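Novice: Okay, handing you the structure first.
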Amino acid sequence: MMQLSQDLIQRYHDVIESLGPEALKEMLQAMHLIRAFEERAEQLYMLGKVHGTMHLSIGQEATAIGAANAMQDGDYLLNHHRGHGHCMAWGSDPNRMMAEFMGRETGYCRGRGGSMHIADVDSNNLGANGIVAGGIPIAVGVGLSIKMRRTNQVCLVIFGDGAANEGAFHEALNMASIWALPIVFLCENNQYAMSMPVEKAFNIENISQRAAAYGLPGITVDGNDPLAVYSAVSEAAARARRGEGASLVEAKTYRYKGHSKSDKQAYRSREEVRDWQDNRDPILRFANLLVLAGVITEAEAATMRDQAIATIDEAVEFSENSPEPSVADILDGVYA
Amino acid sequence: MMQLSQDLIQRYHDVIESLGPEALKEMLQAMHLIRAFEERAEQLYMLGKVHGTMHLSIGQEATAIGAANAMQDGDYLLNHHRGHGHCMAWGSDPNRMMAEFMGRETGYCRGRGGSMHIADVDSNNLGANGIVAGGIPIAVGVGLSIKMRRTNQVCLVIFGDGAANEGAFHEALNMASIWALPIVFLCENNQYAMSMPVEKAFNIENISQRAAAYGLPGITVDGNDPLAVYSAVSEAAARARRGEGASLVEAKTYRYKGHSKSDKQAYRSREEVRDWQDNRDPILRFANLLVLAGVITEAEAATMRDQAIATIDEAVEFSENSPEPSVADILDGVYA
Amino acid sequence: MPELRELTYAEALREGLRQLMAEDERVFLIGEDIGVYGGAFGVTAGLLDQFGAERVIDTPISEAGIAGACIGAALTGMRPVGEIQFMDFVTLSMEQLVLQAAKVRFMFGGKASVPMVLRMPGGSGTGAAAQHSESLENWFVHVPGLKVVMPSTPYDAKGLIRAAVADNNPVIFVEHKLLYKTKGHVPEAPYSVPLSQTQIVREGTHLTVVATSIMVSRALQAAEQLADEGIQLEVIDPRTLKPLDDAPIIESVKKTGRALVVHEAVEMGGFGGEVVARIAASEAFDYLEAPIRRLAGLDIPIPYNRELEYHTVPQVESIVREARKLVKGEY
Amino acid sequence: MPELRELTYAEALREGLRQLMAEDERVFLIGEDIGVYGGAFGVTAGLLDQFGAERVIDTPISEAGIAGACIGAALTGMRPVGEIQFMDFVTLSMEQLVLQAAKVRFMFGGKASVPMVLRMPGGSGTGAAAQHSESLENWFVHVPGLKVVMPSTPYDAKGLIRAAVADNNPVIFVEHKLLYKTKGHVPEAPYSVPLSQTQIVREGTHLTVVATSIMVSRALQAAEQLADEGIQLEVIDPRTLKPLDDAPIIESVKKTGRALVVHEAVEMGGFGGEVVARIAASEAFDYLEAPIRRLAGLDIPIPYNRELEYHTVPQVESIVREARKLVKGEY
Ligand SMILES: Cc1ncc(C[n+]2csc(CCOP(=O)(O)OP(=O)(O)O)c2C)c(N)n1
Ligand SMILES: Cc1ncc(C[n+]2csc(CCOP(=O)(O)OP(=O)(O)O)c2C)c(N)n1
Ligand SMILES: [Mg+2]
Ligand SMILES: [Mg+2]
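Residue numbers (our numbering), protein chains in the order written: chain A, 1 to 336; chain B, 1001 to 1336; chain C, 2001 to 2331; chain D, 3001 to 3331.
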């Protein structure tokens, strides 16, 4: 187990207190679940049981969990292609997620969407998105709608570092700012956009600096620390709920796996990956923290992974027993 | 005549010295020419002698003249819909500009382009543009090409405040920054994008602040002062020529006329317009400065407008005597 | 007989929008310069005063943002009506419209809907040159999940905007700059013209002319002229291009044995091909007495010069000429 | 007989690009992940090592910027070859391509040229779902000033990329994901396949099948199967969709009396309509013995599920079925 200073625990004291032990435990458990889901997804892919591609967020679980836990019931989520973690953190049912991944009729999208398009409209999860930055302008509309309907909701929109160089990012952040929309823009900076390192794609230190160009607050946090993400997103959401408008939060994290199924990863070194895995793994770190803070025992920590795997085993079974969509229904669901 | 302090003259001492009396006189004369061109354009429009629309830059002549004079032979220009002044300042022939405006075969674009598309490829004026921000990504390509061809050119791209909210602005400034391209981005902030005041479209004080989001230098200058624009653009161009990359210059100015032919201007007060006309007119101010600085006499100043009008009279005559394009050639010039 | 109330196409749209907004709080307008300016073509004039800035939203120049704003609002219970100032600028909204608005419902297994309308004026004829005169409707016709509406009269404009806003799908609503000032009968009380209902605008026996938007009135003028020569055109206006109600077209061609499709958009790759292909594949094939022809925009950008611009797209004379040739077998 | 050298479609493109870059310093590549990654489909693998980062430029995810970069460079003496990672993302480049690249020359009175190529893979079949499987070529066919090329074999891929780069106009170069790994004869020495030269891929007497891209090989397989039944298909590949060399198509239909147009893109509003309309308007009309039909993508977004995806676009079986019906008069 890694070392964690008492100092750091002190720093977290408030947020640990406010979340309480149950929530903290659930957060860790959920991080395990995300990882187990994605490790299984990769396996299924290797076994030829799924078709298409997938984008794994292994190593980035803290951002998803920290952010989702900072939001309230009734809030909206828009996320992106590397979205399994975001959906799961938002409370999606692993069975229906796995079924979607496996293209089954019981999946969230009846097998029409797949890995990149998981959505659960009933829980205001407005979906992952196959288009880089595709969800960002949509968030503007969600924000407008919240304002016009005078509800107390907030929209969380998650995207990668690469997305911050699309024109859509620019237009949307500006609109959100001038209209003071209740949106939290969360940039999950995992250091690469496919093969493009942030150092080459940006001539600035932190992507959160871009907030100033729109008159928005911007902050960069450790994306491998669920509590840091939780705090920053909570503050941004609170600001939004107070009617003070949007914020840009940047969470710096790292993806362990290739960009998608077929990535040789020639653009980075094994050492770099190993360094993040060994020294900054979000699950290990958080488990460690909770043990040191007395929230869970080492024994409890040790069982969580297995529990997660068991849940995923069930999800796979559920999916494998689920029917494929019928070709007879192929024209369904295009028009309302 | 307006008052101008000796103080201000002192401030301009260096730039006045470096440009020299001939150039300064020509600049003033060119400002008169732009205004005369556009006043005539408006008249012709009213008389029903032209079809289509036009965007007049009356009141903004200083930006065009200051910027063009800061550039060198061989440099590139890309500009926008309100571009008569930019083209003229770049040295375009008033006859061929007017002929284009009037849709004649002798026009720069053989009557195919019209007011919004005047270009003079021979002088590296790559054209006005009917699409807000349309020229900005093109500047990236010009910058890349200069770098690859290892010439010592610079690309000046001019656009309005409204253009700075298009996604294209964002993508292009970032690309120009990460590749250190020899581009001067000149934002001609005339306070409105059609009916949209900058205060409503932006939640920041100066558009030049956006430069920081890309790691570029940004500066805001008085766009009604040709020497201020000249200085800022000169510095940006020099930086580009030294291989240090792009800059964003914002020139604050004001358009006197409506956005286009059919603008009731309900979005601003007559007083506001009159205030700019009476107290900050770029031509009056610059003439004043040159008289006070002893560059021209009052008598000379008094004749310049008439000279400009005479030139434009000729341009109209040239155009009216020019043939219309022939319908037989309608398919010409689509493909190379 | 009481005199029929007349409105312009722009007024008809405005009245339709005003009634919709008054009835349903979820309907709002968003676009560039639609507020105090009243829209580049005046369609929304006065609506800001009536409904306030929260429901008549002026945007920065951000066409992707406008489309996104409509989509997000539509997904969460509102009924946005966006405006793209000139159809040309929708080239900046394509990702949002085609990859998001059109597909979200299907990708989510039929579990979301995007009830939005995006209005935009297309067409040439105002000297606005190549970047302000596009007719891109067939791009949208090619996109599953979108509907495409193109009214040709004030009456239809008012009725179709109502049906479009009531529809639970993203609707691309294509207006025409030259139609805005044209007048026609428009009842004051709200009414819908159903989507996907092709209309036979004029009955005739010799040639079926399928025309869209501004070309409908030109085809009617051509029909008047040809009637003097004893040639009777049947003029058909699909009004909704997607989903297309093609039955009346097929029926008509079965009757006339000849077809000409007329639109302003560039011929190559245009909607005319779709109509021709529907006819050529149908049971009308056996009734054809002449080749099926299109008359549409030349394969060039719209020129600025007035005379060139005029000759770039079909006009009454050219419709007369083509129709006559087809009927007389002079092709 | 010496053995014919075989390359995959991706290798053929790479070899073509490599030769062009070696010969002409003005040619450079720009796109997302085309450098060290070698492109999402590996087309540019190794070219960074050979030509360096100044000529194989990795960009941020900025598709409008990529298009603009090509246009500006082309206007000022370079010959850029851009890559859009998936054709879907070109929805973000439409303004630059359609309002700038395509129109600049005409708007400037014929005084500028934009010699650029933009490569992009379209098509379904890899399980990439609705936002990564578009076939949008007909959008570009509809735009004056652009050329549209769509190679169906490794041989054509290499020869057409050379002709496209040599062309002084903006060329949209549409590849197909499923073709990248297909193999075929490709000579090593540089050669061009001229643009706008339609090819008769297989001669036959009963039915003219016009097919594009991946559908060419499916049509050929269908032809093999039908040959066993005594039905001889003539298979035609336009290769360049715009400008379209339609004469061989018309001639073929005059011979066979029947036509079927097959493409993957959605049928409605697609390129098939153009081909049908060309035939229906031509002198081949008098030779037609059957309705002209299209077989193309369903009017739905591409589904993720493998089985649904398969049934969304034409396959060998469906081509066989449609062709047989047309020849046997069972429509
Ligand atoms: C508009 C668009 N361009 C390109 C792609 C292809 N693509 C998918 S993900 C990706 C990288 C995205 O990087 P980032 O935003 O940092 O997210 P990450 O994958 O790192 O989570 C790219 C280039 C896409 N899906 N959409
Ligand atoms: C992409 C696009 N959107 C909208 C327009 C319509 N339009 C033309 S100029 C203009 C205002 C531009 O404002 P700004 O950039 O500030 O330039 P200015 O007109 O003030 O010089 C608008 C909305 C356009 N031409 N292109
Ligand atoms: Mg990333
Ligand atoms: Mg302005």
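Quick reminder that beta carbons are idealized off the backbone N, C-alpha and C, glycines included. Remember, it's a predicted structure, so these values are computed and weren't measured experimentally.
Can you confirm whether the stretch 38-55 of chain A touches the stretch 218-230 of chain A when touching is taken to mean that 3 or more C-beta pairs between the two stretches lie within less than 8 Å?
Specialist: By the criterion of at least three beta-carbon pairs nearer than 8 Å, the stretch 218-230 of chain A is not in contact with the stretch 38-55 of chain A.
Novice: Express the C-alpha separation of C/E2330 and A/P130 in angstroms, rounding to a whole number.
Specialist: The residue you call residue 130 of chain A lines up with position 130 of the first sequence. The residue you call residue 2330 of chain C lines up with position 330 of the third sequence. Here residue 130 of chain A turns out to be Gly, not Pro, going by the sequence shown. Their backbone Cα atoms lie some 53 Å apart in a straight line.
Novice: Closer than 9 Å by beta-carbon distance: list the chain C residues that pair up with A/C109, in chain order.
Specialist: Residue 109 of chain A sits at position 109 when you count from the first residue of the first sequence. Correct list: F2106, M2107, F2108, G2109, G2110, K2111.
Novice: Using a Cβ cut-off of 8 Å, which residues of the stretch 3174-3189 of chain D contact any Cβ in chain B, in chain order?
Specialist: none
Novice: Within 10 Å of its beta-carbon, does C/Y2310 have 16 or more other beta-carbons around it, so buried, or fewer, so exposed?
Specialist: Position 310 of the third sequence, counting from 1, holds the residue named residue 2310 of chain C. So C/Y2310 counts as exposed.
Novice: I'd like to know whether the C-beta of C/S2282 is nearer than 8 Å to at least one C-beta of chain D.
Specialist: For this step, residue 2282 of chain C is matched to residue 282 along the third sequence. Output row for C/S2282: interface = yes.
Novice: Can you list the beta strand (DSSP E) stretches of 3 or more residues lying completely in the stretch 3012-3094 of chain D, in chain order?
Specialist: 3027-3031, 3056-3058, 3079-3083
Novice: Taking only heavy atoms of ligand 4 into account, decide whether any of them is closer than 7 Å to the Cβ of B/G1160.
Specialist: Along the second sequence, one-based indexing puts residue 1160 of chain B at 160. Yes; taking the cut-off as 7 Å, the Cβ of B/G1160 has a heavy atom of ligand 4 nearer than that.
Novice: Please report whether the beta-carbon of D/A3166 lies at a distance below 8 Å from any beta-carbon of chain B.
Specialist: Numbered from its first residue, the fourth sequence carries residue 3166 of chain D at position 166. So, not an interface residue.
Novice: Could you check if B/M1130 belongs to the surroundings of ligand 2, using beta carbon to heavy atom distance under 7 Å?
Specialist: Here residue 1130 of chain B refers to the residue found at position 130 when the second sequence is read from its first residue. It should be noted that the sequence gives Gly, not Met, for residue 1130 of chain B. Yes, ligand 2 has a heavy atom inside 7 Å of this Cβ.
Novice: Shorter than 8 Å from the beta carbon of A/P323 to some beta carbon of chain C?
Specialist: The residue you call residue 323 of chain A lines up with position 323 of the first sequence. No, A/P323 lies away from the interface with chain C (no Cβ there is under 8 Å from its Cβ).
Novice: Which residues in chain D sit within 8 Å of A/S195, going by Cβ to Cβ distance?
Specialist: Position 195 of the first sequence, counted from the start, is the residue given in the question as residue 195 of chain A. The contacting residues are D3033, G3035, V3036, Y3037, D3058.
Novice: Would you list the residues sitting across from B/T1220 in a DSSP beta bridge?
Specialist: One-based indexing of the second sequence puts residue 1220 of chain B at position 220. DSSP, once it has assigned bridges, lists B/E1250 as partnering B/T1220.
Novice: With DSSP as the reference, please indicate the residues paired to C/K2147 in a beta bridge.
Specialist: Sequence index remark: in the third sequence, residue 2147 of chain C carries index 147 (1-based). For C/K2147, the pairing in a beta bridge is given by DSSP as C/V2171.
Novice: I need the straight-line Cα distance from A/Q307 to A/E61, nearest angstrom please.
Specialist: Within the first sequence, residue 307 of chain A is the residue found at index 307, counting from 1. Within the first sequence, residue 61 of chain A is the residue found at index 61, counting from 1. So the alpha carbons of these two residues sit roughly 17 Å apart.
Novice: Less than 8 Å between the CB atoms is what I'm expecting for C/R2239 and C/D2156, so what's the real figure, rounded?
Specialist: For the purposes of this step, residue 2239 of chain C is identified with residue 239 of the third sequence, where counting begins at 1. For the purposes of this step, residue 2156 of chain C is identified with residue 156 of the third sequence, where counting begins at 1. At roughly 6 Å, the Cβ-Cβ gap stays under 8 Å, so C/R2239 and C/D2156 are in contact.
Novice: Should B/Y1192 be counted as a contact of ligand 4 given a C-beta to heavy atom distance under 7 Å?
Specialist: The count along the second sequence starts at 1 and reaches residue 1192 of chain B at position 192. Yes - ligand 4 has a heavy atom lying nearer than 7 Å to the Cβ of B/Y1192.
Novice: What is the rounded straight-line gap between the Cα of B/H1032 and the Cα of D/A3022?
Specialist: Against the second sequence, residue 1032 of chain B aligns to sequence position 32. Against the fourth sequence, residue 3022 of chain D aligns to sequence position 22. Distance between the alpha carbons of B/H1032 and D/A3022 is about 52 Å.
Novice: Are any of the Cβ atoms in chain D nearer than 8 Å to that of A/I330?
Specialist: Indexing the first sequence from 1 puts residue 330 of chain A at position 330. Closer than 8 Å to some Cβ of chain D, the Cβ of A/I330 qualifies, so yes.
Novice: In terms of residues, what are the limits of the beta strand (DSSP E) holding D/R3294?
Specialist: For this step, residue 3294 of chain D is matched to residue 294 along the fourth sequence. Unbroken beta strand (DSSP E) run through D/R3294: 3293-3297.
Novice: I need the straight-line Cα distance from B/E1317 to D/D3245, nearest angstrom please.
Specialist: The residue labelled residue 1317 of chain B in the question sits at position 317 within the second sequence. The residue labelled residue 3245 of chain D in the question sits at position 245 within the fourth sequence. Using only the alpha carbons, I get a separation of about 46 Å.
Novice: Chain C beta carbons: is any one of them nearer than 8 Å to that of A/V334?
Specialist: For the purposes of this step, residue 334 of chain A is identified with residue 334 of the first sequence, where counting begins at 1. So yes, A/V334 belongs to the interface.
Novice: Three-state secondary structure (DSSP) at A/F318?
Specialist: Counting from one through the first sequence, the residue named residue 318 of chain A turns up at place 318. Three-state result, A/F318: helix.
Novice: Pick out whichever of C/M2078, C/V2114, C/S2124 has its Cα sitting closest to the Cα of B/G1053.
Specialist: On the second sequence, residue 1053 of chain B is found 53 positions in, with the first residue counted as 1. It should be pointed out that residue 1053 of chain B corresponds to Thr in this sequence rather than to Gly. It is C/S2124.
Novice: Against B/Y1214, what residues of chain A qualify as contacts under a CB-to-CB distance less than 9 Å, listed in chain order?
Specialist: Numbered from its first residue, the second sequence carries residue 1214 of chain B at position 214. In chain order: F202, N203, I204, R210, A213.
Novice: Hey, is A/L77 close to ligand 1, as in C-beta under 7 Å from one of its heavy atoms?
Specialist: Locating residue 77 of chain A in the first sequence gives position 77, where the first residue counts as 1. No, the Cβ of A/L77 stays beyond 7 Å of every heavy atom of ligand 1.
Novice: Give me the DSSP bridge partner(s) of C/D2237.
Specialist: Position 237 of the third sequence, counting from 1, holds the residue named residue 2237 of chain C. According to DSSP, which records beta bridges pairwise, C/D2237 is partnered with C/Q2199.
Novice: Which one or two residues does DSSP pair with D/G3122 in a beta bridge?
Specialist: Position 122 of the fourth sequence, counted from the start, is the residue given in the question as residue 3122 of chain D. Paired residues: D/H3176.
Novice: Mind checking the stretch 1170-1196 of chain B against chain D and listing, in chain order, the residues whose C-beta falls within less than 9 Å of any C-beta there?
Specialist: H1170, E1171, A1172, N1174, M1175, I1178, W1179
Novice: Short of 8 Å in beta carbon distance, which residues of its chain neighbour D/R3162, apart from the five on each side in sequence? Order them along the chain.
Specialist: Within the fourth sequence, residue 3162 of chain D is the residue found at index 162, counting from 1. Once the five neighbours on either side are set aside, the close Cβ partners of D/R3162 are G3016, Q3019, L3020, P3190, Y3191, S3192, V3193.
Novice: Could you check the C-alpha separation between B/A1023 and B/E1235 for me, to the nearest Å?
Specialist: Here the question's residue 1023 of chain B lines up with position 23 in the second sequence. Here the question's residue 1235 of chain B lines up with position 235 in the second sequence. Their backbone Cα atoms lie some 18 Å apart in a straight line.
Novice: Threshold first: 4 residues or longer. Then list the alpha helix (DSSP H) segments lying entirely within the stretch 115-150 of chain A, N to C.
Specialist: For the stretch 115-150 of chain A, whole alpha helix (DSSP H) runs of length 4 or above, ordered along the chain, are 136-149.
Novice: Under 9 Å Cβ-Cβ, which residues of chain D neighbour A/A266?
Specialist: As a first step, residue 266 of chain A is located in the first sequence; it is residue number 266 there, counting from the start. At a beta-carbon threshold of 9 Å, the residues of chain D lying near A/A266 are V3036, Y3037, G3038, ordered along the chain.
Novice: According to DSSP, is C/L2260 part of a helix, a strand, or is it coil?
Specialist: Working through the third sequence from its first residue, we reach residue 2260 of chain C at position 260. In this structure, C/L2260 counts as strand in the three-state DSSP scheme.
Novice: How would you label D/K3183, buried or exposed, when you count the other beta carbons within 10 angstroms and need 16 or more for buried?
Specialist: Here residue 3183 of chain D refers to the residue found at position 183 of the fourth sequence. With fewer than 16 Cβ atoms within 10 Å of its Cβ, D/K3183 is classed as exposed.
Novice: Identify the contact partners of B/V1132 in chain C, using a Cβ-Cβ distance below 7 Å as the criterion.
Specialist: Counted from its first residue, the second sequence places residue 1132 of chain B at position 132. Simply I2061.
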